[in-house]
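Novice: To start, I am sharing the structure in question, which I have written as structure tokens.
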Amino acid sequence: MFCLRIIPLLMTSLAICAAGCGLENSTDSNVPLNIAGNSTGTETHGLRDEDRSSQLLREAETLLQRLLPTDSLETTQANIEKVQQLIDSAKEDESCGPKAHALAFRLQLRTLLELGVRGDQASISDLYHTAEQAYQREPNNEEAVIAATTVVHLSAELSKRTGSHQQNWLREYVRQASIFAELFPSETGLASSQLLTAAQTAERFDHRELAKFGYQKLIDNLPNEQETRWAVGATRRLKLTGKPVQISGVLKNGQIVSTREAVGSWAVVLFWRDVDEPQEMVTQLLHQLSKIDESGQIQAFGVRFSEDVSAATVTSASPTFPVIEQQDLSKPFTKSQPESHGNLQEHYGLHEFPTVWLIDPAGKVVSTKFPPNKLQ
């Protein structure tokens, strides 16, 4: 059986999620606009202005772009009905050529996505079925890639909306990202990006085993991708609990510092980035850690990631504890990006900021996700 089909357990849970998890009329986050694989969204580039089919599809695209994240399912259904009429008319028109058909297909996927993320179960099923058919027609063509990507986006959006309350969509998100990597081995860039994001999302919701599964899939299936280096780092970090660790680096004044200096007492390490906004939380944490460090109750260390390690920190606090300066690797990957050795952000696959690590007097990790509100 084709593996994009929803598993029976998930099909059973859809009604439960829609009724009990706030899926219907849920409008708390944006739907991804770009659902294409090799193409970018639903552009009309290359379609002749005089074609009636092109005009109808542009009108349909405009209506889709006017949909708001706050629109209810009922409002969206009413607007999608108009969009569907335009798509059908365009496909039936004699001027509808290959490019117009391709655009109509992407717009059709978009309508199913818009309805699906608002909890419309029929649209969810239709989207999975459409992706299955596209793959069966021609496994390696662009339509199959776009449809499978849209399924990944659907599960990603629904996992955000249900959060940690329901794990079904979060598991489905990681599963679909993994399936995509297996089905489309030539789409390495897209596959690695989707799988890394899915694993990071699972970790963000504290589902460590699911995150480990996603990271390992990325390592096994796409060993040569840039994102895989981060998956290796994240896997390394997730295995740290109960094991000794040494965080070391260079301060702004050139001095080398290490958490080994704290052996014999408790230690906390705060990781933060200058690029994150707002900085108020970081400032409060720095101030809090400074007081703790001064009291002698615990030794504090900071690791600041900055685009320019020579620049002054944007935080207003002046910590009394040592702060290791690191280059920020949070920007999108590029093939020209140099290899980095010894960078803590990549070495441990850090992606949530600010984050606090707790280390016991023996130098062993207690937590790599210590709640900041417990630093009292």
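So that you can map any letter, position 38 of the sequence shown is 122 in our numbering, and since no number is skipped, the others follow by simple counting. Where is the CB? At the ideal position from N, CA and C, for every residue including glycine. Here the structure is a predicted model, which means the values were calculated and not measured.
In three-state DSSP terms, what is Thr-281?
Specialist: Looking up residue 281 in the sequence shown gives position 197. Reduced to three states, the DSSP call for Thr-281 is helix.
Novice: Can you tell me which of the three DSSP states Trp-350 falls into?
Specialist: The residue you call residue 350 lines up with position 266 of the sequence shown. The answer is coil: DSSP assigns Trp-350 none of H, G, I, E or B.
Novice: What's the C-alpha gap between Phe-437 and Ser-179?
Specialist: For the purposes of this step, residue 437 is taken as residue 353 along the sequence shown, with counting starting at 1. For the purposes of this step, residue 179 is taken as residue 95 along the sequence shown, with counting starting at 1. Roughly 52 Å between the two C-alpha positions.
Novice: Residues in the same chain with beta-carbon distance under 8 Å from Val-227, minus the five sequence neighbours each way, listed in chain order, please.
Specialist: Residue 227 sits at position 143 when you count from the first residue of the sequence shown. Per the sequence shown, residue 227 should be read as Glu rather than Val. Excluding sequence neighbours, Glu-227 sits near Ala-186, Phe-189, Ala-218 and Arg-221.
Novice: For a test of the three-state rule: what should DSSP assign to Val-440, helix, strand or coil?
Specialist: As a working note, residue 440 is residue 356 in the sequence shown. Three-state DSSP puts Val-440 in a strand.
Novice: Please work out which residues of its chain come closer than 6 Å, Cβ to Cβ, to Ser-262, disregarding the five sequence neighbours upstream and downstream, and give them in chain order.
Specialist: Mapped onto the sequence shown, residue 262 falls at position 178. Correct list, in chain order: Lys-301.
Novice: Locate the alpha helix (DSSP H) running through Ala-186, then write down its first and last residues.
Specialist: Walking along the sequence shown from the start, residue 186 turns up at place 102. That run of the alpha helix (DSSP H) goes 182 to 200.
Novice: Can you list, in chain order, the residues of its chain with a C-beta nearer than 7 Å to that of Arg-288? Leave out the 5 residues immediately preceding and following it.
Specialist: Residue mapping note: residue 288 aligns to position 204 of the sequence shown, counting from 1. The answer, listed in chain order, is Glu-436.
Novice: Return the CA-CA distance between Glu-216 and Asp-412, expressed in angstroms with no decimal places.
Specialist: By one-based count along the sequence shown, residue 216 stands at place 132. By one-based count along the sequence shown, residue 412 stands at place 328. Using only the alpha carbons, I get a separation of about 40 Å.
Novice: With DSSP as the reference, identify every bridge partner of Glu-271, one or two as the case may be.
Specialist: As a working note, residue 271 is residue 187 in the sequence shown. In DSSP, Glu-271 forms no bridge with anything.
Novice: Spatial neighbours of Ile-171 within its chain, please: C-beta separation below 8 Å, excluding the five flanking residues on both sides.
Specialist: Locating residue 171 in the sequence shown gives position 87, counting from the first residue. Exclusion of the five residues before and after Ile-171 leaves Leu-140, Leu-141, Ala-144, Ala-188, Leu-191, Gln-192 and Thr-195 as the residues of its chain whose Cβ lies within less than 8 Å of its Cβ.
Novice: Give, in chain order, every unbroken run of the beta strand (DSSP E) that is at least 3 residues long and sits entirely within the region 333 to 387.
Specialist: Fully enclosed beta strand (DSSP E) runs of no fewer than 3 residues occupy 340 to 342 and 351 to 357 of the region 333 to 387, in order along the chain.
Novice: Is the beta carbon of Val-407 closer than 8 Å to that of Val-329?
Specialist: Translated into positions along the sequence shown, residue 329 becomes position 245. Translated into positions along the sequence shown, residue 407 becomes position 323. Contact: no.
Novice: Would the beta-carbon of Pro-445 be found less than 7 Å away from any heavy atom of the ligand ATP?
Specialist: As for the ligand ATP, it is missing from this structure, which has no ligand bound.
Novice: Please name the residue or residues paired with Ser-390 in a DSSP beta bridge.
Specialist: Taking the sequence shown and counting its residues from 1, one reaches residue 390 at position 306. In the DSSP output, where bridge partners are listed per residue, Ser-390 has Gln-411.
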